[in-house]
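Protein chains: 6
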Amino acid sequence: MQYFIQRHPLNYDGSQLQSLFTYKNFGLMGDSVLVFRGSCTVEQNEMVDMEDVVAQDWIHSEDMLHFIVEHFDMDLEKTIVRQRLLIATIKEELEVRGVTTLRRSGDDLYAGDKKLSVSIATLSPVSTLVHCGLNISNHNTPIPTIGLTNLNIDDVFQFGESVAEHYCAEVLSMRLARCKVRGVS
Amino acid sequence: MQYFIQRHPLNYDGSQLQSLFTYKNFGLMGDSVLVFRGSCTVEQNEMVDMEDVVAQDWIHSEDMLHFIVEHFDMDLEKTIVRQRLLIATIKEELEVRGVTTLRRSGDDLYAGDKKLSVSIATLSPVSTLVHCGLNISNHNTPIPTIGLTNLNIDDVFQFGESVAEHYCAEVLSMRLARCKVRGVS
Amino acid sequence: MQYFIQRHPLNYDGSQLQSLFTYKNFGLMGDSVLVFRGSCTVEQNEMVDMEDVVAQDWIHSEDMLHFIVEHFDMDLEKTIVRQRLLIATIKEELEVRGVTTLRRSGDDLYAGDKKLSVSIATLSPVSTLVHCGLNISNHNTPIPTIGLTNLNIDDVFQFGESVAEHYCAEVLSMRLARCKVRGVS
Amino acid sequence: MQYFIQRHPLNYDGSQLQSLFTYKNFGLMGDSVLVFRGSCTVEQNEMVDMEDVVAQDWIHSEDMLHFIVEHFDMDLEKTIVRQRLLIATIKEELEVRGVTTLRRSGDDLYAGDKKLSVSIATLSPVSTLVHCGLNISNHNTPIPTIGLTNLNIDDVFQFGESVAEHYCAEVLSMRLARCKVRGVS
Amino acid sequence: MQYFIQRHPLNYDGSQLQSLFTYKNFGLMGDSVLVFRGSCTVEQNEMVDMEDVVAQDWIHSEDMLHFIVEHFDMDLEKTIVRQRLLIATIKEELEVRGVTTLRRSGDDLYAGDKKLSVSIATLSPVSTLVHCGLNISNHNTPIPTIGLTNLNIDDVFQFGESVAEHYCAEVLSMRLARCKVRGVS
Amino acid sequence: MQYFIQRHPLNYDGSQLQSLFTYKNFGLMGDSVLVFRGSCTVEQNEMVDMEDVVAQDWIHSEDMLHFIVEHFDMDLEKTIVRQRLLIATIKEELEVRGVTTLRRSGDDLYAGDKKLSVSIATLSPVSTLVHCGLNISNHNTPIPTIGLTNLNIDDVFQFGESVAEHYCAEVLSMRLARCKVRGVS
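Same order as they appear, the protein sequences are chains A, B, C, D, E and F. Quick note on this note's numbering: the first sequence kicks off at 1 and runs consecutively. Quick note on this note's numbering: the second sequence kicks off at 186 and runs consecutively. Quick note on this note's numbering: the third sequence kicks off at 371 and runs consecutively. Quick note on this note's numbering: the fourth sequence kicks off at 556 and runs consecutively. Quick note on this note's numbering: the fifth sequence kicks off at 741 and runs consecutively. Quick note on this note's numbering: the sixth sequence kicks off at 926 and runs consecutively.
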């Protein structure tokens, strides 16, 4: 499992949540995390979460730190558990940086009633995928939000790299943890 | 997914980490969390983690809050991801109670260099299982530890129930999250 | 597992056999059975069964009781076994109503050489799906058929609800049956 | 998928429900159905259904027609669905012989409140297994039962062969049904 | 598992690598191998291997012996192992015919630095698929190649049938090998 | 995936074919190949292949080069395909050393009618396992055999390491090959 930090701006419109995006654009073969920065605007027809479509919710943020995770197995529920762990990891990395006021609720992070994150997990024909976006700015969002800037995270790429690094290390450690236990009756 | 709080003392010696333990003793059928309190002493021949066996580590705690989780699917790696999420959930429930100094490292929780928890996940012939024990007392442990008492968690069953309740709710929410997304290309 | 009885007429043309149809239209999240009534006309390009396409068969019925079942796992063979059980359940519910002359042949129900049902199971990108339609009327069908009306089933929705209720209960009971046995050698 | 009719008497005590029993004793390699006749007495320590163990139920019948089914995949829930279909098939084969008074309830068959069958499905280290026993005699059973003799099934091996033949044919037809459909969106 | 030898010329342009191609065109239901002969030209937009797309490689051969293998399970890694075994089988069948100079490198066959084969494995919505093409002629290929003609294989259909026959027999023997072992501790 | 060459003699009696043998004895965590040298004597009660048990075959060789492969997934059929590929790899490594007279038949290697190898694949509670033994000496074997010595392979550990190295590299390359293709329709 590898990660790539794309430092050139890249806006997220939903089309990045497709299989092999990280491989085709940044050359990482196999399970991967891609980190980039840009706005986030997902139109209804690109939305993956049918709950949002049914509720006619829409997603917009001027400036976000994005993570795209791809796992080349086909168990969506498993990748949803991994997604929750990614969110917990983001929260933990913020704690290391002194931010201890966040609360995780499923795949969302909140400071009080202000939302820091959006996230979705889904299946492609060859893999499972997660998108997670963290507001950098909290301007002009359709619901009350908080951004990494409000949390005094100034070097967002450095922060993103810490998250990606820890997530990749944890995926590896979980794979090995599976290989050192005997079964029980 | 259901949980059961066993309030009568029950010491953990490793033999509780077997399939259908919660069903046979407490009647819960299906995925479950069992919470109980007692000492923790696991002899080498009951150890499941071969890394500990190879290292000749042993596990002892005078008084622990125990969680036994059983999932009736056979993907151990998936249950290890769930185990990590359980550990993150324990940390989050402690944060709600004002304990903000803990750090998660894989399936361990630490306050500084003092260990709060032990945990293992494994396979039975019909299910996957997790044990997690949290020190209540930190007396007489073979390595530096911290206990829930040191963290001012006095009602350990109430705390254990919060963890179990949140974990069960999250397992359900993850199952449903799998059922509301369209695939992508 | 839940079911929904849609009492407003809804004609089946094959496009209803798609992932999340029941969720998007009727709000049921997770494994589900949808019951509705309407004509059934599936053109060649909507057909899912390539055997019918190759044979240039076509499907038409003026008035059918329809079941759409969605299971959010990806094992098509398993859903085909469930489909056969659904057909057996339909037969059994008819027996409760005094119809003891039917014969099940795979996923078809017959009275003598007259066909009562059509059925297909397939995969979507996120789930497996079953359609089963039971003739209500047997007028103007391309092959000899029998309808629920001929079998004196007058309240087709009540009948459909019994089938859906029993199927959902059986899926639950099978899930639990998996969680109460020890393994053998 | 093959079946074997063992015409020499063989009493069932639970130890026959083990992996490769049919291969080791009767030479059938791969998915199989074994049919034999004999008494059925399963002691508590051989019981596989923990619900019966917890309830201290025991199983006894003087003379039964036994089916042991082995499928060499490891999805117990899938084999439980197959088990229900096997029970439905037994009922259908009895219908062909004029017995139209039976009712299936999960993996049990009843005539009124008299039980015809016992059945269990479980996992071995290399396969999944089903046992189903049908009372031939209804004498001296611990609960009210009915036997094949009461239903005027005199040639029980011929009947058993019909069941095995239909079950094997249906497993094959389900495997092929999986191979002739296109996916949907 | 069955095979079909299509003796009428059929050019490969990538569109043959789709689910149910062999069933729809040649009537084989279930796991299958199709053997045919024709040119091979795959344009960028039909390419399945993103590594080739990224490298802007293209595939062209005037005359090839083609194999299309379809397995109706969804584990792509497993089908990739089978693909490697197919390539080993092709090499072994050539050895029987006196060609002992070939070297297998993953899913490629070489004589010295001249390439004999192209191959790819992928997922469809209902199956996994392999294409393997062996040059018959080595004229006008974009890289140095060798053809079956250079290896003195004159009856390419007879050769193709041997490969298909051995592959099908080996798939069956592997399925049975899975059904005759006990588990170990 | 890693390999370990154990140069101290180690006799194979079947008990080495157990889960975590390579981890517990040689410290390799995760998928692994262990190579060692020693006699091979497997008594009936340690035999894994029930076909041999039924046939009352027994296995003996004075001096063998042994491979034990462990894969931490639970699909035995998949590991049997890998086993066949391992056998093909052994044959290919011998070809590099000038031995071009071998024939692979399933999981066996022959020179004419003399057998070079024994092999078996099975399941443990936490993994799948392969044993393959190649005769070094062909003295005193119960059936006609050939040994590596007869094939002029003098440095058997160097040869064993080549096999292990190529097998590990191929497992990795197959894992990556799964991660670079788009799906097809």
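Each residue gets a CB set at the ideal place from its N, CA and C atoms; glycine is no exception. Keep in mind it's a predicted model, so treat the numbers as computed, not measured.
- Closer than 9 Å at the C-beta level to chain F, one finds these residues of the segment 253-267 of chain B: Met-259, Asp-260, Leu-261 and Glu-262.
- At a cut-off of 9 Å between beta-carbon atoms, Arg-1107(F) makes contact with chain A.
- In this structure, Val-348(B) and Phe-252(B) form a Cβ contact; the two beta carbons are roughly 7 Å apart against a cut-off of 8 Å.
- The three-state reading of DSSP puts Met-790(E) in helix, counting H, G and I together.
- Collapsing the DSSP output to three states places Asn-135(A) in a strand.
- The beta-carbon of Leu-641(D) is placed no less than 9 Å from the nearest beta-carbon of chain F.
- In this structure, the beta-carbon distance from Phe-221(B) to Pro-194(B) falls below 9 Å.
- Your pair Gly-955(F) and Phe-997(F) checks out as a contact, with CB atoms roughly 7 Å apart and the cut at 8 Å.
- In terms of Cα proximity to Trp-243(B), the closest of Glu-231(B), Met-249(B) and Val-254(B) is Glu-231(B).
- DSSP places Met-64(A) in the uninterrupted beta strand (DSSP E) bounded by 59-71.
- From the beta-carbon of Lys-209(B), the residues of chain D found nearer than 8 Å are Met-605, Val-608 and Val-609.
- A distance of 9 Å or more separates the beta carbons of Gln-573(D) and Val-551(C).
- Bridge pairing for Val-42(A): Ile-59(A) [DSSP].
- In the DSSP assignment, Leu-1101(F) forms no beta bridge with any residue.
- Note on geometry: alpha-carbon atoms of Gly-318(B) and Gln-343(B) lie some 15 Å from one another.
- Taking 9 Å as the CB threshold, Leu-575(D) stays off the interface with chain B.
- Beta-carbon to beta-carbon, Leu-250(B) and Met-605(D) are separated by about 27 Å, too far to satisfy the 8 Å threshold.
- It is roughly 13 Å from the alpha-carbon of Cys-965(F) to the alpha-carbon of Gly-1072(F).
- DSSP places Ile-328(B) outside both helix and strand once states are collapsed to three, so it counts as coil.
- In the three-state reduction of the DSSP assignment, Leu-631(D) falls in the helix class, which pools H, G and I.
- Per DSSP, Tyr-393(C) has no beta bridge partner at all.
- Here Thr-313(B) carries a strand assignment [DSSP, helix/strand/coil].
- Here the alpha carbons of Leu-294(B) and Val-118(A) stand approximately 27 Å from one another.
- Of all alpha-carbon atoms in Ser-431(C), Leu-404(C) and Val-412(C), the one lying nearest the alpha-carbon of Pro-512(C) is that of Ser-431(C).
- DSSP places Val-96(A) in the helix class (H, G or I) of the three-state scheme.
- In this structure, Glu-833(E) keeps its C-beta atom at 9 Å or more from the C-beta atom of Arg-1028(F).
- Taking 9 Å as the cut-off, the beta carbon of Val-126(A) is found closer than this to the beta carbon of Leu-816(E).
- Under the criterion of beta carbons closer than 8 Å, Val-958(F) and Asp-938(F) do not qualify as touching, at roughly 20 Å.
- At the C-beta level, Arg-1009(F) and Leu-1076(F) stay beyond 9 Å of one another.
- Going by DSSP, Ser-674(D) is part of the beta strand (DSSP E) stretching over 672-678.
- Counting along the chain, the unbroken beta strand (DSSP E) around Ile-375(C) starts and ends at 372-375.
- By the neighbour-count criterion, in which 16 or more other beta carbons inside 10 Å mark a residue as buried, Thr-1025(F) falls on the exposed side.
- Considering only beta carbons, the part of the segment 120-143 of chain A lying closer than 9 Å to chain E consists of Pro-125 and Val-126, in chain order.
- Contacts with chain F at 9 Å (Cβ-Cβ) include Met-584(D).
- Residues of chain A whose Cβ lies closer than 8 Å to the Cβ of Ser-370(B) are, in chain order, Gln-18, Ser-19, Ser-124 and Pro-125.
- When DSSP states are grouped into helix, strand and coil, Leu-85(A) belongs to the helix group.
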